[in-house]
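Here is the structure we will look at, set down as structure tokens.
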Amino acid sequence: FSDRTALMMTRTSLAGMAACALLLGACAAKPSTQTPVLVQTPPRVVVVMDPQLTELLAYQSALRLMTPSELVKAQLDLAKADHAPSNTIRRAMLQASVRGAGDLARAQALLEPLLTATGKDAQLLAPLVQLLSGQYAELRRQDESIDKLNAQLRDAQRRNDLLNEKLEALKNIERSLSVRPAAGAPK
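So that you can map any letter, position 71 of the sequence shown is 208 in this note's numbering, and since no number is skipped, the others follow by simple counting.
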């Protein structure tokens, strides 16, 4: 290389490095032009417990601890009460707690009119009524499934017993055949 070529290459290299430095410097010094992103936060939910609803939930908890005789007494007491939505819900809860034949269906039937009621109390208690009605429907499906499985179990046990009887009868036949002397055997 000649001195002149080396000088040109040095100038070109210096010019290239300067250009790169300027470009990099421009990128670092340039203010951000990103558009701000709006982040939506979920609305705050403030739950204000209604005293009537709190009392009904406490009643449901108390029903679980009652003995059968206390449940009968509670039924008699509720029979005297008026037909306000909260008392109807109590009747349904009590009916479902007894858990006799058809009690869950009766509890659901008690709640059905409240699902379509338009009164202030009924509107306030509608979510609880929907929850209870759904629970009672699910419990009914489970009870029906249990009854069906129990019937299948009884049938299987009955078949098992019949097969065991046949097996025992075959064993008895086999024993009686081995006890007899063979035909043509010397005496």
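Positions of the beta carbon are idealized from the N, C-alpha and C atoms, including for glycine.
- Cβ neighbours of A292 in the same chain (closer than 7 Å, five flanking residues each side left out): The sequence as given places Asp at residue 292; Ala does not occur at that position. For D292, same chain residues with a beta-carbon under 7 Å away, outside a window of 5 residues either side, do not exist.
Spatial distance of Y273 from R236 (CA atoms):
Answer to the nearest angstrom: the Cα atoms are 11 Å apart.
Check T191 in the structure and name its three-state DSSP category. Here DSSP, grouped into helix, strand and coil, assigns T191 to helix.
Practice item. Work out the CA separation of A233 and L241 for me, nearest whole Å. Key: So the two alpha carbons sit approximately 5 Å from each other.
So, does the CB of R278 fall closer than 7 Å to a CB anywhere in chain D?
As a matter of chain content, chain D is missing from the structure shown, which is built from one protein chain.
| task | Quick one: give me the first and last residue of the alpha helix (DSSP H) that A244 is part of. | result | According to the DSSP assignment, A244 belongs to the alpha helix (DSSP H) that extends over 240–253.
Between which two residues does the alpha helix (DSSP H) containing D214 stretch? Taken as a continuous stretch (DSSP letters only), the alpha helix (DSSP H) holding D214 covers 205–217.
Practice problem: Could you tell me how far apart the beta carbons of Q212 and L231 are, in whole angstroms, since I believe they sit closer than 8 Å? | Solution: The distance from the Cβ of Q212 to that of L231 is about 6 Å, consistent with a contact at the 8 Å cut-off.
Give me the Cα-Cα distance between V266 and P188, rounded to the nearest whole angstrom. Straight-line Cα distance between these residues: approximately 16 Å.
L252 and I226 look like a contact to me (Cβ under 8 Å); what is the Cβ gap, rounded to whole Å?
-> L252 to I226, Cβ: 11 Å. No contact.
Taking just the CA atoms, how far does K257 sit from S186?
Looking at the sequence shown, residue 186 is not Ser but Met. M186 and K257: Cα-Cα distance of roughly 16 Å.
Secondary structure of R201, DSSP reduced to three states
Reduced to three states, the DSSP call for R201 is helix.
Do you know offhand how far P179's Cα is from A218's?
-> Distance between the alpha carbons of P179 and A218 is about 43 Å.
Mind reading off the beta-carbon distance from A199 to P222? Whole number of angstroms is fine, and I expect it under 8 Å.
Contact between A199 and P222 does not hold, since the beta-carbon distance rounds to 19 Å and is not under 8 Å.
With C-beta atoms as the reference, is R228 less than 7 Å away from L208? No, they are not a contact pair.
Problem set entry | Opening and closing residue of the alpha helix (DSSP H) in which G225 lies | It is Thr, not Gly, that sits at residue 225 in the sequence shown. In the DSSP assignment, T225 falls within the alpha helix (DSSP H) that extends over 222–235.
Figure out for me which residue from L193, R278, Q177, E305 has the closest Cα to the Cα of N224.
-> Nearest C-alpha to N224: L193.
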